[in-house]
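Chemist: Sequential numbering of the sequence shown, starting at 3, is according to the numbering used here. Just so it is clear, CB atoms sit at the ideal spot from N, CA and C, and this is done for glycine as well. These numbers come from a predicted model, not from an experiment. Below: one structure in structure tokens.
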Amino acid sequence: MVLSLKIVHDTFLKQQPVPSQKIENEEDKVWVKKGRELELHSWVDLKEEKSYLRVALTKDEFNGKNTWYVYEPHVEVWDDDKQLFPKKISIKVRNVTSCSTEVVRGLDKQIIDEMNRLIPNVLISFDDLDVELGPAVWAMLQPAAKRALERAIQDRGVPMVINSAYRTIAQQLVLYNHYRNRRCGIPIAARPSRSNHQSGLAIDISDYLSWRPYLQKYGWRWLGWGDPVHFDYVGGRTRDIRSLAVRAFQRVWNRYNINDRIAEDGSYGPSTERRLNNSFSEGFSISVPSKKESEKSIQFRVLRLSRPYMKGEDVRAIQQALAKAGYSLEPDGVYGPGSEGVVKQFQEQNGLDVDGVVGPATRAKMGL
């Protein structure tokens, strides 16, 4: 058993479970980049310390200390190939009854990542500011809005409590479904792509009257007494990204549903809403509970060379089987031209159609 902490967003390891700006001693916080993996001795989900894990590293890697706090949405905890935290919840968006939109966080992340692939840095994180966030909040804004928010917070000099910021179309559909089904006390909700929270220019905050003059000074507009917690950034150097969010979901859907493709036009209509409702809350992924169970649990697709390249654990399993059989390739989980070439070699040597497509017949020859 190997416990590991995977950093999925740039973040701070901290000696106290508080925003990094509140930690004065620089030795008590360490900046860790996305993609790093740290070996763990143990970890605890601190229910009393909202949104933080306490982790003990196997080595004193940072400033001679091995016990740290880390912000939950920025990390995952794994035991070999089994994800321990956050726990995967297999439920379709249309069946979500929880009043918190946190349940669709896995799907959210895939949509946001795809948006930033289409337009790099169209949304950037603001969790490095002096803010306190709820567990369902995506601390993402357009760059100009983040800069204006940072100036307002610096001017007032106290932490800002943010209850909502960027909201994905998956989160908005959960709220819209609640509204249509009269759940969770939601009196009204916009259809996905129509909410200003999908703009990357909106925040809902606590203590809004005290914050109002500071935010207005830097280009934020108060919505008024009809929605007093809400502010929109109107200071310029922004773009309308609501159709981009829809297009990002459409691309993600098509990547994992090659036999049920939809138009990638950024238009939110009945066809897109039906697919979004039928998406699983944890997103589109291949679940691999453990090494021993991996061959049984992988959901194999028909693999072929495509744009963008097909990725996933089913691809990795094919590559590993080929490598084990003596073929030269790196099991990186990406079905690119190199993988297709090796598959064609395998097919030719095993009397199969040489088309580079990995279907049931090719998998059977591989013993999968």
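For ARG249 and GLU26, what's the separation of their Cα atoms in angstroms?
Modeler: Cα to Cα, the separation comes out at about 43 Å.
Chemist: Could you give the uninterrupted runs of the beta strand (DSSP E) lying entirely in the segment 67 to 127, keeping only those of 3 residues or more?
Modeler: Runs found: 69 to 73, 77 to 81 and 84 to 87.
Chemist: Tell me whether MET368 sits in a helix, a strand or coil according to DSSP, three-state version.
Modeler: In the structure shown, MET368 sits in a helix (DSSP, three-state: H, G or I).
Chemist: Within 10 angstroms of the Cβ of TRP227, are there 16 or more other Cβ atoms? Answer buried if so, exposed if not.
Modeler: The residue is exposed, with fewer than 16 neighbouring Cβ atoms inside 10 Å.
Chemist: Use the C-beta contact count for HIS43: other C-beta atoms within 10 angstroms, 16 or more gives buried, fewer gives exposed.
Modeler: Result: exposed.
Chemist: With a Cβ-Cβ cutoff of 8 Å, do GLN321 and PRO333 count as a contact?
Modeler: In this structure, PRO333 lies closer than 8 Å to GLN321 by Cβ.
Chemist: Looking at the strands, I want to know which residues DSSP matches up with LYS31.
Modeler: LYS16.
Chemist: Looking at the strands, I want to know which residues DSSP matches up with LYS313.
Modeler: VAL336.
Chemist: Who are the near neighbours of ARG244 in its chain, counting only those whose CB is closer than 7 Å to its CB and skipping five residues on each side?
Modeler: Once the five neighbours on either side are set aside, the close Cβ partners of ARG244 are SER195, GLN200 and SER201.
Chemist: Using C-beta distances below 6 Å, list every residue in its chain close to LEU217, excluding the 5 sequence neighbours before and after it, in chain order.
Modeler: Taken in chain order, the residues that qualify are ALA154 and PHE233.
Chemist: Starting from the C-beta of ASP132, find all residues in its chain whose C-beta is less than 6 Å away, skip the five residues before and the five after it, and write them out in chain order.
Modeler: Excluding residues within five positions, the ones whose Cβ falls inside 6 Å are PRO21, GLN23, ILE155 and PRO161.
Chemist: Are the Cβ atoms of ALA323 and LEU331 separated by less than 8 Å?
Modeler: Going by C-beta atoms, ALA323 is not nearer than 8 Å to LEU331.
Chemist: Output needed for GLN47: all residues of its chain with C-beta closer than 7 Å, excluding positions within five of it in sequence on either side, in chain order.
Modeler: Note on identity: in this sequence residue 47 is Asp, with Gln being the wrong assignment. The residues are LEU55 and PHE87.
Chemist: Would ILE113 pass as a contact of ALA172 if the rule is Cβ separation under 8 Å?
Modeler: Cβ distance < 8 Å, so ILE113 and ALA172 count as in contact.
Chemist: What are the boundary residues of the alpha helix (DSSP H) that SER212 is part of?
Modeler: Its alpha helix (DSSP H) spans residues 210 to 219.
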